[in-house]
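Letter by letter, the sequence shown follows residues -4 to 192 of the working numbering.
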Amino acid sequence: LNLLPAVLAIGDQLPKKSEQERTAAGAFAKFREDGFGYFLEMATRPQTISYAMLDSPVALAAWMLDHDTDSYYKISRAFVDGKPVGNLTRDTIVDNIMLYWLTGTAASAARSYWEDARALAAALASGQPPPAVKVPVGFTTFPGEIWAAPRSWVEAVYPDLAYFNEVDKGGHFAAWEEPKLFSAELRAAFMSLRSAG
């Protein structure tokens, strides 16, 4: 995992003592202030945006490209300015959009936000954190993530944290931006599970 969505429900309960925690809290506040629309649309009305994404490749591209500030600038730099950022090139951007377009999976991707939001809404309504995840979890913090989760936050959400690492590049679309690094992190997370059991 590389995004900590539980922060939406319990962000005000998480520690903010260290510089890293305060930075993450500031990034989360900024997201709620000017980046929340994307999440909110997908979390509350996934079918509405899905009809557009399934009907028009231009709508799909626009929706994917304006996901979050970090991704927007990286994609713009690669696509418009022709200056690759990690694995983001004009070709890989078009390839990724085409993958969603040809498989028609934009709607199911949008629905995953809706499903996550139901659990977060229930937690908010109850005043309790979401139920603890009871399986081992691997988590990597990428610096360009919407909010780069500090280890203390990840441990608060995933008590059975089997693997945690912070890397020096990548963002919300880490698998797309830095596929080799993402793959290495995935392997390392599973390696910790293999050696533990």
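All C-beta atoms in this analysis are idealised placements derived from N, C-alpha and C, irrespective of residue type, glycine included. Everything numeric in this text was worked out from a predicted model, so none of it was measured.
Item to check | Buried or exposed (CB count within 10 angstroms, at least 16 for buried), A183 | outcome: Position 188 of the sequence shown, counted from the start, is the residue given in the question as residue 183. Exposed: under 16 other Cβ atoms inside 10 Å.
Item to check | S66, buried or exposed, once every other Cβ within 10 Å from all chains shown has been counted against 16 | outcome: Residue 66 sits at position 71 when you count from the first residue of the sequence shown. Buried.
Checklist entry - Roughly how many whole angstroms lie between the Cα atoms of E173 and E161? => result Translated into the one-based positions of the sequence shown, residue 173 becomes position 178. Translated into the one-based positions of the sequence shown, residue 161 becomes position 166. Computed Cα separation, rounded: 14 angstroms.
Checklist entry - Using DSSP with H/G/I as helix, E/B as strand and the rest coil, what is V162? => result Counted from its first residue, the sequence shown places residue 162 at position 167. Here V162 sits in coil by DSSP.
Item to check | Outcome for S45 when other beta-carbon atoms lying within 10 angstroms are tallied against a minimum of 16 | outcome: In the sequence shown, counting from the first residue as 1, residue 45 sits at position 50. Buried: at least 16 other Cβ atoms inside 10 Å.
Checklist entry - So, using beta-carbon positions, are L115 and A4 closer together than 8 angstroms? => result Against the sequence shown, residue 115 aligns to sequence position 120. Against the sequence shown, residue 4 aligns to sequence position 9. For L115 and A4, yes; Cβs fall inside 8 angstroms.
Next on the checklist: Check whether the stretch 98 to 109 and the stretch 127 to 144 are in contact - that is, three or more C-beta pairs closer than 8 angstroms.
Outcome noted: no
Checklist entry - Relative to the alpha-carbon of T87, which residue among W96, F74, T98 and H167 has its alpha-carbon at the smallest distance? => result Mapped onto the sequence shown, residue 87 falls at position 92. Comparing Cα positions, the closest option is F74.
Item to check | Boundaries (first-last residue) of the alpha helix (DSSP H) holding V130 | outcome: Counted from its first residue, the sequence shown places residue 130 at position 135. That residue, V130, is in no alpha helix (DSSP H); it is neither H nor E in DSSP.
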